[in-house]
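Peer 1: Take a look at the following structure, please.
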Amino acid sequence: MSKVKHHYDQVADIYDGRYDGERGRQYHTHICDHLMTRIPKGAQLLDLGCGTGLFTHRYIQAGGRAVGLDISRGMLSKARDRCRQGEYIAGTAEVLPFRDSCFDVVSSMLAFSYIRNPGALLAEAWRVLRPGGHIAICTLGRNLLTTAVPVVYHVWERLGVRQVGVGTFDEHYYTERELAGLLRDAGFCSIHSKYCSFAHHSLPDPLFALVKKVEPFVEKSAPYLAYNICASGIKPEEETAGES
Ligand SMILES: C[S@@+](CC[C@H](N)C(=O)[O-])C[C@H]1O[C@@H](n2cnc3c(N)ncnc32)[C@H](O)[C@@H]1O
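This is the structure in structure tokens:
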């Protein structure tokens, strides 16, 4: 975990260049849109691995209140600059510094792959959610296109490339079924999961525009080519762990 923390402290100043520039913003907004459709607006959100606050800000702009949590103080400092209305706390998503049942929504955007003990994160999310509360996670999925990512990043790390996400972090990419299964095992119900995003921010320009056009088709008819998975669930009003 300290390597991930160190990495994000080091790249905090260039992070928004990746996800808040021209193509990066379209990519990030697209996956945020997916997450937003799965959660109630105007409620109290906890955003795990909030980074520079892109999703936290989006939720607040839509009328909600939000706390962002991240292991990187460098990223949190950027989040504070972006959106003063949010509250930002340093810590790991696997051990949450909040009392039971105090949030309506827990989200995690592009951070779940770094979590060593996903069961611990989900148990903590369950604990801090009110009965009836929602969880929504968007993370890089495991498919033909993403399998090569850790190998490429490992080589780039050895070559000294300084770029967001570049390094060897023992990340875990999930299939849709695995992610849904983790939510179910943690006791969430009404589980929904969906592959999303095909136009990757790293594609060069005319190609990005072209791929963006076929993105809806890929998400609907060839989802195994999409990069991310959005999975969501609800903490039952009555605690019925294990049901879905
Ligand atoms: C790719 S960034 C995503 C940031 C933000 N959610 C977004 O969508 O732009 C991954 C973030 O997860 C954070 N992170 C990684 N492991 C974490 C952990 N165990 N607990 C909390 N945050 C973590 C990193 O510090 C980093 O800010």
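Read left to right, the sequence shown gives residues 49 to 292 (my numbering).
We treat Cβ as the ideally placed atom computed from N, Cα and C, and that holds for glycine.
Since we're looking at a predicted model, the values are computed, not measured.
Run through DSSP, which three-state label would Lys242 get?
Peer 2: Here residue 242 corresponds to residue number 194 of the sequence shown, with the count starting at 1. In the structure shown, Lys242 sits in a strand (DSSP, three-state: E or B).
Peer 1: Taking only heavy atoms of ligand 1 into account, decide whether any of them is closer than 7 Å to the Cβ of Val203.
Peer 2: Residue numbering aside, residue 203 sits at position 155 when the sequence shown is read from its first letter. The answer is no for Val203.
Peer 1: Restricting to Cα atoms, I'd like to know which of Leu193, Tyr272, Trp204, Val212 is closest to Leu158.
Peer 2: On the sequence shown, residue 158 is found 110 positions in, with the first residue counted as 1. Comparing Cα positions, the closest option is Val212.
Peer 1: Consult DSSP for Asp218 and reduce its assignment to one of helix, strand or coil.
Peer 2: Stepping through the sequence shown from its first residue, residue 218 is reached at position 170. Reduced to three states, the DSSP call for Asp218 is coil.
Peer 1: For Cys80, which option in Ala173, Leu192, Gln109, Gly134 has the closest C-alpha, if you only look at C-alpha atoms?
Peer 2: By one-based count along the sequence shown, residue 80 stands at place 32. Ranking the options by Cα distance to Cys80, first place goes to Gln109.
Peer 1: Exposed or buried, what is Thr195 when buried is set at 16 or more other beta-carbons lying within 10 Å of its beta-carbon?
Peer 2: On the sequence shown, residue 195 is found 147 positions in, with the first residue counted as 1. The residue is exposed, with fewer than 16 neighbouring Cβ atoms inside 10 Å.
Peer 1: Mark Lys10 as exposed unless 16 or more other C-beta atoms lie within 10 angstroms of its C-beta, in which case mark it buried.
Peer 2: A query on residue 10 cannot be resolved here, the shown segment of the chain reaching from 49 to 292 and no further.
Peer 1: Does the beta carbon of Glu142 fall short of 7 Å from some heavy atom of ligand 1?
Peer 2: By one-based count along the sequence shown, residue 142 stands at place 94. Checking the Cβ of Glu142 against ligand 1 gives yes.
Peer 1: Look at Ala184 and Ser155 and say whether their C-beta atoms are less than 8 Å apart.
Peer 2: Locating residue 184 in the sequence shown gives position 136, where the first residue counts as 1. Locating residue 155 in the sequence shown gives position 107, where the first residue counts as 1. Taking 8 Å as the Cβ cut-off, Ala184 and Ser155 qualify as a contacting pair.
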